[in-house]
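>
Protein chains: 2
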Amino acid sequence: MSKLPSLKNLSYLLALHQHQNFNRAAQACHVSQSTLSSGIQNLEEQLECQLIERDHKSFLFTAMGEQVVEQARQIITSAEEMLHYAQSQGNQMEGPLRLGCIPTIGPFLLGKLSKRIQEKYPKLQLNIAEDTTANLLQALRNGELDVLILALPMDIQGNQQWVLGRDPFKLVMHKSLAATINEPVDYDQLPDRSIFLLEKEHCLTGHAVAACQLSDSSKINPFTATNLHSLVQMADARLGATFIPQMAIDQGILKDTDLVPLQPSGREASRDIGLVYRATTNRRQTFRKFAEEIADLLPENTLK
Amino acid sequence: MSKLPSLKNLSYLLALHQHQNFNRAAQACHVSQSTLSSGIQNLEEQLECQLIERDHKSFLFTAMGEQVVEQARQIITSAEEMLHYAQSQGNQMEGPLRLGCIPTIGPFLLGKLSKRIQEKYPKLQLNIAEDTTANLLQALRNGELDVLILALPMDIQGNQQWVLGRDPFKLVMHKSLAATINEPVDYDQLPDRSIFLLEKEHCLTGHAVAACQLSDSSKINPFTATNLHSLVQMADARLGATFIPQMAIDQGILKDTDLVPLQPSGREASRDIGLVYRATTNRRQTFRKFAEEIADLLPENTLK
DNA sequence: TACAACAATCGAATTAACCAATCAGGACGG
DNA sequence: CCGTCCTGATTGGTTAATTCGATTGTTGTA
Numbered sequence: 011m012s013k014l015p016s017l018k019n020l021s022y023l024l025a026l027h028q029h030q031n032f033n034r035a036a037q038a039c040h041v042s043q044s045t046l047s048s049g050i051q052n053l054e055e056q057l058e059c060q061l062i063e064r065d066h067k068s069f070l071f072t073a074m075g076e077q078v079v080e081q082a083r084q085i086i087t088s089a090e091e092m093l094h095y096a097q098s099q100g101n102q103m104e105g106p107l108r109l110g111c112i113p114t115i116g117p118f119l120l121g122k123l124s125k126r127i128q129e130k131y132p133k134l135q136l137n138i139a140e141d142t143t144a145n146l147l148q149a150l151r152n153g154e155l156d157v158l159i160l161a162l163p164m165d166i167q168g169n170q171q172w173v174l175g176r177d178p179f180k181l182v183m184h185k186s187l188a189a190t191i192n193e194p195v196d197y198d199q200l201p202d203r204s205i206f207l208l209e210k211e212h213c214l215t216g217h218a219v220a221a222c223q224l225s226d227s228s229k230i231n232p233f234t235a236t237n238l239h240s241l242v243q244m245a246d247a248r249l250g251a252t253f254i255p256q257m258a259i260d261q262g263i264l265k266d267t268d269l270v271p272l273q274p275s276g277r278e279a280s281r282d283i284g285l286v287y288r289a290t291t292n293r294r295q296t297f298r299k300f301a302e303e304i305a306d307l308l309p310e311n312t313l314k
Numbered sequence: 011m012s013k014l015p016s017l018k019n020l021s022y023l024l025a026l027h028q029h030q031n032f033n034r035a036a037q038a039c040h041v042s043q044s045t046l047s048s049g050i051q052n053l054e055e056q057l058e059c060q061l062i063e064r065d066h067k068s069f070l071f072t073a074m075g076e077q078v079v080e081q082a083r084q085i086i087t088s089a090e091e092m093l094h095y096a097q098s099q100g101n102q103m104e105g106p107l108r109l110g111c112i113p114t115i116g117p118f119l120l121g122k123l124s125k126r127i128q129e130k131y132p133k134l135q136l137n138i139a140e141d142t143t144a145n146l147l148q149a150l151r152n153g154e155l156d157v158l159i160l161a162l163p164m165d166i167q168g169n170q171q172w173v174l175g176r177d178p179f180k181l182v183m184h185k186s187l188a189a190t191i192n193e194p195v196d197y198d199q200l201p202d203r204s205i206f207l208l209e210k211e212h213c214l215t216g217h218a219v220a221a222c223q224l225s226d227s228s229k230i231n232p233f234t235a236t237n238l239h240s241l242v243q244m245a246d247a248r249l250g251a252t253f254i255p256q257m258a259i260d261q262g263i264l265k266d267t268d269l270v271p272l273q274p275s276g277r278e279a280s281r282d283i284g285l286v287y288r289a290t291t292n293r294r295q296t297f298r299k300f301a302e303e304i305a306d307l308l309p310e311n312t313l314k
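Protein sequence lines, in the order shown, are assigned to chains A and P.
Per my numbering, the first sequence runs over residues 11 to 314.
Per my numbering, the second sequence runs over residues 11 to 314.
(1) Taking residue 219 of chain A as the reference, give the member of A/239, A/253 and A/191 with the closest Cα.
(2) Any C-beta of chain A within less than 8 Å: which residues of the region 277-292 of chain P qualify?
(3) Are the region 132-147 of chain P and the region 104-113 of chain P touching, with three or more C-beta to C-beta distances below 8 Å?
(4) Does residue 106 of chain P have its Cβ less than 8 Å from a Cβ in chain A?
(5) Would you say residue 79 of chain A lies against chain P (beta-carbon separation less than 8 Å)?
(6) Nearest CA to the CA of residue 103 of chain A: which residue from A/304, A/297, A/309 and A/282?
(7) What does the alpha-carbon distance come out to for the pair residue 118 of chain A and residue 14 of chain P?
(8) Taking the beta strand (DSSP E) that residue 305 of chain P falls in, what are its first and last residues?
(9) Is the beta carbon of residue 228 of chain P less than 8 Å from the beta carbon of residue 202 of chain P?
(10) Using a Cβ-Cβ cutoff of less than 7 Å, which residues in the same chain neighbour residue 124 of chain P once the five nearest sequence positions on both sides are dropped?
(11) What would DSSP say about residue 139 of chain P, mapped onto helix, strand or coil?
(12) Could you tell me which chain P residues have their CB closer than 7 Å to the CB of residue 93 of chain A, listed as they occur along the chain?
(13) Starting from residue 25 of chain P, find everything on chain A with Cβ-Cβ shorter than 8 Å and list it in chain order.
(14) Is DSSP giving residue 212 of chain P helix, strand or coil here?
(15) Establish whether the CB of residue 28 of chain P and some CB of chain A are separated by less than 8 Å.
(16) Could you work out which residue in A/32, A/131, A/301 and A/166 is closest to residue 148 of chain A when comparing CA atoms only?
(17) Closer than 9 Å by beta-carbon distance: list the chain A residues that pair up with residue 100 of chain P, in chain order.
(18) So is residue 316 of chain P in contact with chain A if we call contact Cβ pairs under 8 Å?
(19) To the nearest angstrom, how far is it from the Cα of residue 10 of chain P to the Cα of residue 278 of chain P?
(20) Using the rule of at least 16 other Cβ atoms within 10 Å of the residue's Cβ for burial, across every protein chain shown, is residue 248 of chain A buried or exposed?
(21) Report the partner residues of residue 252 of chain P according to the DSSP bridge assignment.
(22) DSSP three-state label for residue 234 of chain A, please.
(23) Tell me the rounded alpha-carbon separation between residue 239 of chain P and residue 302 of chain P.
(24) Residue 62 of chain A bridges to which residues according to DSSP?
(25) By how many angstroms is the C-alpha of residue 24 of chain A removed from the C-alpha of residue 292 of chain A?
(26) Expressed to the nearest angstrom, what Euclidean distance is found between the alpha-carbon atoms of residue 299 of chain A and residue 164 of chain A?
(27) Since residue 62 of chain A and residue 20 of chain A are thought to touch, with beta carbons under 8 Å apart, how far apart are those beta carbons, to the nearest angstrom?
(28) Which chain A residues are close to residue 258 of chain P, counting only those with a beta carbon under 7 Å from its beta carbon?
(29) Residue 89 of chain P touches chain A at which residues, Cβ-Cβ below 8 Å?
(30) Looking at the structure shown, is residue 111 of chain A part of a helix, part of a strand, or coil, going by DSSP?
(31) With a CB to CB cut of under 6 Å and the five nearest residues on each side skipped, what residues in its chain are close to residue 286 of chain P?
(32) Mind pulling the beta strand (DSSP E) runs of 3 or more residues that sit fully within the region 157-181 of chain A?
(33) Just checking, does the region 268-276 of chain P make contact with the region 193-202 of chain P on the three C-beta pairs under 8 Å criterion?
(34) Name the chain A residues whose beta carbon is nearer than 9 Å to that of residue 171 of chain P?
(35) Kindly indicate if chain P contains any beta-carbon less than 8 Å away from that of residue 97 of chain A.
(36) Kindly identify the DSSP beta-bridge partner or partners of residue 283 of chain A.
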């Protein structure tokens with residue numbers, strides 16, 4: 011049996027992959043460039059395969075190198091999790107928890123969530139990042155984040171998820187317009203191009219269109235907004251209607267407007283809110299307790 | 011950030027956990043007892059927690075120690091998988107594959123399977139263990155086995171599975187008895203205590219009773235057999251009837267007997283055959299290809 | 001042509017890993 | 001009660017591995 015590679019050398023490899031430069035990677039690891047260089051060579055010998063192609067000036071990770079980086083990342087993350095678990099004496103709700111959240115959920119949930127966590131688990135230190143689903147999944151994969159709050163259904167790749175709750179969509183429009191509309195809303199009652207949506211980077215757009223059975227694309231205005239507050243302002247200016255999730259409404263996004271929420275078409279006009287985490291984690295129990303806290307704050311808790 | 015524990019020390023811990031004795035563990039690791047002893051102490055310092063309680067004569071793993079062992083096992087298994095993956099240059103179907111299988115499947119599948127694997131993937135070296143479901147799951151958990159072929163449905167704990175195929179049950183009895191019976195068999199046609207089953211350690215018993223809707227337990231003879239061949243012999247001696255899986259019949263278990271297979275009651279009188287593996291593995295692709303080979307050999311391939 | 005940037009290599013100094021031998025406590029037997 | 005055996009811990013010296021600063025060789029650029 012050949013000797014296992016050392017975690018130290020694996021971490022050198024990760025740093026090199028991240029910085030794409032021996033000097034900067036060495037700095038990040040607090041070692042000299044020569045140490046890191048020989049560490050990598052050492053690793054290549056132990057694994058008996060070439061991880062990076064050198065062309066005298068620079069280098070490139072080989073396909074195998076990339077694969078090894080992937081696996082090394084998982085191993086080191088596991089080791090870190092173990093270290094933290096042991097050092098906190100098994101107290102699961104302690105230490106840093108790096109949370110990623112999409113922008114159509116974050117502003118309407120994270121305030122309440124932080125407060126609740128702070129009260130109930132003061133030793134749990136929540137670090138929050140807000141980004142698109144795709145970027146968050148990448149960060150999760152890279153071990154930069156621990157858990158994500160996403161809207162489902164979604165391709166979460168190799169990760170695992172719990173469905174925390176349902177968040178109904180409402181079709182929001184000016185009260186003067188709403189007076190002429192029957193619920194649940196048949197979109198034929200609306201003029202063409204009268205429905206405004208978010209930029210397509212936001213998964214909310216697709217979820218709303220699918221869940222609310224808005225099949226007639228001529229009703230959609232080609233202008234897209236960058237966030238929910240813009241949508242609300244546009245609707246309040248009587249430009250048209252838009253889909254707003256219940257949790258945003260609960261947080262008062264319609265306050266000081268003349269907008270009213272109507273029930274859209276679709277038997278289940280809602281999105282699911284889920285917690286996504288790496289399949290390889292061993293902090294499932296922490297994440298589970300965390301999931302329960304989140305689910306309690308959602309319009310409809312479906313976490314069993 | 012504190013220093014990560016070394017894989018070497020973690021492996022010492024695993025050996026100690028396995029052997030429950032410093033000397034034997036040290037031997038297994040090919041190091042001296044003092045090396046292993048200080049390795050463990052080192053680990054405890056790094057993790058800043060007590061892993062074993064010493065009472066001058068012997069020792070005991072603390073609860074935390076047991077937890078750390080669990081996680082260490084996963085980390086080391088991952089590292090071994092990475093090492094092997096790199097050394098085989100990414101060739102997935104190469105090197106050892108440790109397979110566990112239950113005794114009501116093994117004898118009727120593994121012969122054909124070994125032959126097929128040997129032909130198609132000659133570099134894949136199949137190591138086979140046969141045991142009960144519970145023991146196999148324990149071995150999988152301990153990293154002693156890589157994949158299990160089990161009968162489903164089954165509580166596979168934290169592991170993952172693919173359903174490979176269906177294996178119908180047949181009610182087997184002597185042809186003289188069968189002549190008086192209508193298919194699918196209504197058990198009322200059979201005398202009390204005329205159905206023989208395996209010992210309850212075998213999951214086949216429960217699966218057959220459930221799938222074939224044998225609700226009347228008075229039909230079951232309290233004597234239990236240790237393997238399918240015994241059941242066949244007993245049925246052939248006209249002691250009664252028994253459930254035999256199709257794959258055993260296909261492999262000729264009824265040859266040279268006067269037994270005939272009848273269709274039992276139950277809409278889906280069958281068990282599922284599944285491949286079970288650790289959720290934390292990174293050899294999924296290997297296992298998947300392997301799964302396809304197995305599924306091809308089953309009475310009814312349901313692997314999508 | 002000189003220079004800056006980069007990764008590899010070298011040699012010395014430091015550190016850690018390791019082992020054999022020994023120690024100390026408890027169990028067992030005579 | 002004393003000696004022996006078995007346990008894991010400790011010690012001290014040796015060896016092997018790690019690390020660093022300095023240097024080398026190559027490449028691209030001013």
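Backbone N, C-alpha and C define an ideal beta-carbon position, used for all residues, glycine too.
Quick caveat: nothing in here was measured; it's all calculated off a predicted structure.
Taking the geometry as given:
(1) A/253
(2) From the region 277-292 of chain P, only 289, 290 and 292 have a Cβ closer than 8 Å to chain A.
(3) Short answer: they touch.
(4) no
(5) Answer no: the Cβ-Cβ gap between residue 79 of chain A and chain P never drops below 8 Å.
(6) Selected option, being the one with the closest Cα: A/297.
(7) 38 Å
(8) Per DSSP, residue 305 of chain P belongs to no beta strand (DSSP E); it is in the alpha helix (DSSP H), 294-306.
(9) yes
(10) 136
(11) strand
(12) 12, 14, 15 and 57
(13) Within 8 Å Cβ-Cβ: nothing; residue 25 of chain P doesn't reach chain A, min ~13 Å.
(14) coil
(15) no
(16) A/166
(17) 59, 73, 74 and 77
(18) With chain P represented from 11 up to 314, any question about residue 316 of chain P goes unanswered, as that position is not in the structure.
(19) There is no way to answer for residue 10 of chain P, as the model of chain P reaches only from 11 to 314.
(20) exposed
(21) P/182 and P/206
(22) strand
(23) Straight across, the Cα-Cα distance linking residue 239 of chain P with residue 302 of chain P is about 28 Å.
(24) A/71
(25) 21 Å
(26) Going from the Cα of residue 299 of chain A to the Cα of residue 164 of chain A covers about 22 Å.
(27) About 14 Å separates the two Cβ atoms, so there is no contact after all.
(28) Per Cβ cutoff of 7 Å: no residues; residue 258 of chain P is ~36 Å from chain A at best.
(29) 14, 15 and 85
(30) strand
(31) The residues are 158, 160, 166, 169 and 171.
(32) 157-162
(33) The way I'd put it, the region 268-276 of chain P does touch the region 193-202 of chain P; three or more beta-carbon pairs between them come closer than 8 Å.
(34) Neighbours of residue 171 of chain P on chain A: none; closest Cβ ~14 Å, over 9 Å.
(35) yes
(36) A/161 and A/175
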